[in-house]
């Protein structure tokens, strides 16, 4: 789990609060930024730093202590404010911007001005986004019920070049394997490389390879325990 990066959440609506809380609860360095003094006061003892700031004010943004940010999450509820804030953060040299879009057009504009990721999610999606940012080894998680999910993990290093049966996912980890995602590379008729992603419905003697992705289903608590192996 990556805990030494600095994350900044711009906007403390329900989505931004969800992202900030999950990041902070997982030990990440979190800065929250909002123009509402009540929200800033609420979070000042919960995160690394809480800044009262109008993120659409170019002069204020240029002076604000934002230089150490590795990943910025722009979760503002106004399309105009979101676009201006994203542009100003790009100007400040923030290298990775994750922006919440409120519409398809909004998403297109955000990408055009430099957003690295654009998401369109509500509060529960904010939680999942935060979990993915702090644990990039988990590629995707989809909730099935309150307590069960499907999750994708890179094969833990200790299992590379070993048969699937050695892991014994069902008995040791209480997880079911849906399949294995594997990238294959071939060459087309004129010599250009072609990449394809295949889903393998594996049996016990399948040898796990580096960069394989395990698609697993199980209780969230069991998935969290498996995550600790990565």
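Numbering (the working numbering), first residue to last: 2 to 231.
Glycine is no exception: its CB is placed at the ideal position from the N, C-alpha and C atoms.
| Check | Outcome |
| --- | --- |
| Beta-bridge pairing of residue 9 - partner residues as DSSP gives them | 32, 73 |
| Sequence ranges, alpha helix (DSSP H) only - wholly within the segment 77 to 114, length at least 4 | 80 to 93, 105 to 113 |
| Cβ-Cβ distance between residue 252 and residue 73 below 7 Å | Since the first residue shown for the chain is 2 and the last is 231, residue 252 is missing from the structure and cannot be characterised. |
| Cβ-based burial, residue 8 [other Cβ within 10 Å; buried from 16] | buried |
| Where residue 51 falls: helix, strand or coil (DSSP) | strand |
| DSSP state of residue 125 mapped onto helix, strand, coil | Because the pLDDT at residue 125 is just 44, under 50, the model does not fix this residue reliably, and the value given afterwards should be weighed accordingly. Here residue 125 sits in helix by DSSP. |
| Environment of residue 104 [buried if 16+ CB atoms lie within 10 Å] | exposed |
| Given residue 167 as reference, the closest of 100, 206, 70 once Cα atoms are compared | 206 |
| Three-state class that DSSP yields for residue 207 in the structure shown | coil |
| Three-state class that DSSP yields for residue 17 in the structure shown | helix |
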